[in-house]
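Asks: Got a structure for you, written out below as structure tokens; questions coming shortly.
Structure follows, in structure tokens:
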């Protein structure tokens with residue numbers, strides 16, 4: 008009996024050990040099967056899915072606005088309303104980060120022209136440290152309302168009216184030339200294109216460039232800018248693509264002649280650079296100052312008298328942006344409509360004030376809510392010595408577009424603004440801005 012029990016126990020132990028020895032190979036076989044049939048196809052399919060979905064919005068735009076297609080190769084006839092919708096798709100969903108960065112550096116690029124920087128320096132709007140954050144926020148407000156609001160809407164026209172009043176004060180004194188105005192318009196038109204083409208997951212199409220040309224022709228007309236220096240000013244432009252390319256060529260020639268080193272260029276540029284990095288801890292400022300120089304071309308960098316970024320900084324920037332480009336195109340799903348970036352409130356509150364709600368510099372015109380002042384982000388800012396909404400100099404009361412601009416113009420220009428709005432409501436052309444020239 009004992010022998011039988013011993014042999015039975017021995018057999019059970021042998022079978023158990025044999026099963027244990029076989030189980031790793033069974034597990035590996037199962038994992039291999041799982042990888043072959045599910046994981047590997049998913050790894051291959053996901054980047055293809057992301058890429059396909061990322062191009063879906065562009066294909067929808069191209070189908071909706073049938074310009075430059077196989078059935079309609081022409082870009083003629085695009086209206087300002089159509090151009091605005093195309094730009095809205097690009098700036099809010101396709102490339103929100105780099106489109107905005109292009110607009111920021113468009114403002115930065117104007118500092119390379121001494122006639123522009125000298126006025127900004129003399130008026131202390133960008134040479135006195137206390138004025139720089141508000142001046143930057145004021146420009147953001149007017150530009151956002153002009154570009155985001157429906158063309159010829161009340162919000163867009165009010166922004167044009169205020170902008171024209173502020174510029175008009177200096178134009179009448181001969182301190183702002185039409186060429187400088189046209190140059191600035193060209194920057195707001197071409198810098199988003201340049202930045203997107205250089206760093207984003209895809210480049211602008213001709214349809215989108217045409218939209219930029221159409222919209223900025225309307226924008227220039229609303230700002231009372233004269234286009235006579237452009238070659239086709241008398242004969243007229245064929246379409247927005249023609250206008251874009253012609254203004255872009257003029258812009259490059261203008262820079263070659265007038266973008267030259269000047270101490271006032273440096274004075275206003277360095278103050279804006281300090282503003283751009285003000286939300287970083289102090290110990291990081293020296294690194295970020297060099298990083299600001301990394302994407303600048305030599306002509307601009309020399310004109311504003313900034314040191315050239317060390318090669319390692321330029322290489323780091325290019326490497327990061329290349330990695331970002333690949334990740335966005337193949338691993339990141341496109342931004343859905345409900346995640347649209349909102350820079351500021353569109354409608355005033357009961358007190359008639361509006362507020363900035365997204366900021367990357369000093370929080371000017373930001374409502375000092377409990378969250379904005381004492382939330383986790385605000386607490387971290389306090390620890391690092393960074394300004395939070397409601398601090399001195401941040402204008403927590405919000406803004407009214409009629410008062411945007413230097414403090415000396417607060418409460419002024421209302422009558423002129425009403426006249427401008429009335430003129431724009433009746434005269435602004437939100438159809439094709441080039442169709443009228445052909446009649």
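Residue numbers (my numbering): 8 to 446. All C-beta atoms in this analysis are idealised placements derived from N, C-alpha and C, irrespective of residue type, glycine included.
Less than 8 Å separating the beta-carbons of residue 276 and residue 232?
Replies: Taking the chain shown and counting its residues from 1, the one referred to as residue 276 is at position 269. Taking the chain shown and counting its residues from 1, the one referred to as residue 232 is at position 225. No, the pair does not count as a contact, with Cβ atoms beyond the cut-off.
Asks: Take residue 135 and list the residues in its own chain whose beta-carbon comes closer than 6 Å to its own, dropping the five residues that flank it on each side.
Replies: On the chain shown, residue 135 is found 128 positions in, with the first residue counted as 1. Taken in chain order, the list of residues that qualify is empty.
Asks: Here's a check: name, in chain order, each residue in its chain whose Cβ is nearer than 7 Å to the Cβ of residue 326, leaving out the five neighbours to either side.
Replies: Looking up residue 326 in the chain shown gives position 319. Cβ neighbours of residue 326 beyond the five flanking positions: none.
Asks: Just verifying my parser: in three-state terms, what is the DSSP assignment at residue 313?
Replies: Along the chain shown, one-based indexing puts residue 313 at 306. Coil.
Asks: Output the distance between the C-alpha atoms of residue 389 and residue 400, rounded to the nearest integer angstrom.
Replies: Residue numbering aside, residue 389 sits at position 382 when the chain shown is read from its first letter. Residue numbering aside, residue 400 sits at position 393 when the chain shown is read from its first letter. Each residue's Cα considered, the two are about 16 Å apart.
Asks: If I follow the unbroken alpha helix (DSSP H) through residue 179, where does it start and stop?
Replies: Within the chain shown, residue 179 is the residue found at index 172, counting from 1. Element bounds for residue 179: n/a, residue is neither H nor E.
Asks: Taking the alpha carbon of residue 116 as the point to measure from, which residue in 303, 379, 417 and 432 has its own alpha carbon closest?
Replies: One-based indexing of the chain shown puts residue 116 at position 109. Of the listed residues, the one whose Cα sits closest to residue 116 is 303.
Asks: Output the distance between the C-alpha atoms of residue 244 and residue 359, rounded to the nearest integer angstrom.
Replies: Counting from one through the chain shown, the residue named residue 244 turns up at place 237. Counting from one through the chain shown, the residue named residue 359 turns up at place 352. One C-alpha to the other measures close to 42 Å.
Asks: Could you pull the DSSP bridge partners for residue 406 from this structure?
Replies: Locating residue 406 in the chain shown gives position 399, counting from the first residue. Bridge partners of residue 406: 361.
Asks: Roughly how far, in whole angstroms, is the beta-carbon of residue 146 from the beta-carbon of residue 114, given that I think they are within contact range, below 8 Å?
Replies: As a working mapping, residue 146 is identified with position 139 in the chain shown. As a working mapping, residue 114 is identified with position 107 in the chain shown. That pair is a contact at about 6 Å.
Asks: For the structure I just gave you, are there three or more beta carbon pairs, one from the stretch 376-389 and one from the stretch 264-278, closer than 8 Å?
Replies: With the cut-off at 8 Å, the stretch 376-389 and the stretch 264-278 do not touch.
Asks: Rounded to the nearest angstrom, what separates residue 410 and residue 250 at their Cα positions?
Replies: In the chain shown, residue 410 corresponds to position 403, counting from 1. In the chain shown, residue 250 corresponds to position 243, counting from 1. Distance between the alpha carbons of residue 410 and residue 250: 33 Å.
Asks: Please tell me whether residue 368 and residue 283 are closer than 8 Å, where the distance is taken between their beta carbons.
Replies: As a first step, residue 368 must be located in the chain shown, where it is residue number 361. As a first step, residue 283 must be located in the chain shown, where it is residue number 276. Going by C-beta atoms, residue 368 is nearer than 8 Å to residue 283.
Asks: Does DSSP put residue 188 in a helix, in a strand, or in coil?
Replies: As a first step, residue 188 must be located in the chain shown, where it is residue number 181. Residue 188 falls in the helix class under three-state DSSP.
Asks: Below 8 Å between beta carbons: does that hold for residue 428 and residue 225?
Replies: As a position in the chain shown, residue 428 is number 421, starting the count at 1. As a position in the chain shown, residue 225 is number 218, starting the count at 1. Result no, Cβ atoms of residue 428 and residue 225 do not sit closer than 8 Å.
Asks: Would you list the one or two residues that DSSP bridges to residue 351?
Replies: Here residue 351 refers to the residue found at position 344 when the chain shown is read from its first residue. 363, per the DSSP bridge assignment.
Asks: Taking the Cβ atom as the reference point for each residue, do residue 203 and residue 211 lie within a distance shorter than 8 Å?
Replies: Stepping through the chain shown from its first residue, residue 203 is reached at position 196. Stepping through the chain shown from its first residue, residue 211 is reached at position 204. It is a contact, given that the beta carbons lie within the stated cut-off.
Asks: Taking Cβ positions, are residue 291 and residue 301 nearer each other than 8 Å?
Replies: Here residue 291 is taken as the residue at index 284 of the chain shown, counted from 1. Here residue 301 is taken as the residue at index 294 of the chain shown, counted from 1. Not in contact: residue 291 and residue 301 (Cβ atoms no closer than 8 Å).
Asks: In its own chain, which residues sit with a C-beta less than 6 Å from the C-beta of residue 77, not counting the 5 before and 5 after it?
Replies: Looking up residue 77 in the chain shown gives position 70. The answer is none, since no qualifying residue turns up.
Asks: What residues in its chain sit with their C-beta under 8 Å from that of residue 344, if we drop five residues either side in the sequence?
Replies: The residue given as residue 344 occupies position 337 in the chain shown. Same-chain partners within the cutoff: 100.
Asks: Using three-state DSSP, classify residue 301 as helix, strand or coil.
Replies: Here the question's residue 301 lines up with position 294 in the chain shown. Three-state DSSP puts residue 301 in coil, outside helix and strand.
Asks: What runs of the alpha helix (DSSP H), each 4 residues or longer, lie entirely inside the stretch 239-268?
Replies: Segments of the alpha helix (DSSP H) lying fully in the stretch 239-268: 247-265.
Asks: Take residue 435 as the anchor and find which of 158, 288, 306 and 309 has the nearest alpha-carbon.
Replies: Numbered from its first residue, the chain shown carries residue 435 at position 428. Looking at the Cα atoms, 158 is the closest of the given residues.
Asks: Distance check for residue 125 and residue 180, CA to CA, integer angstroms please.
Replies: Looking up residue 180 in the chain shown gives position 173. Looking up residue 125 in the chain shown gives position 118. Answer to the nearest angstrom: the Cα atoms are 14 Å apart.
Asks: Under the three-state reduction of DSSP, which class applies to residue 380: helix, strand or coil?
Replies: Counting from one through the chain shown, the residue named residue 380 turns up at place 373. Reduced to three states, the DSSP call for residue 380 is helix.
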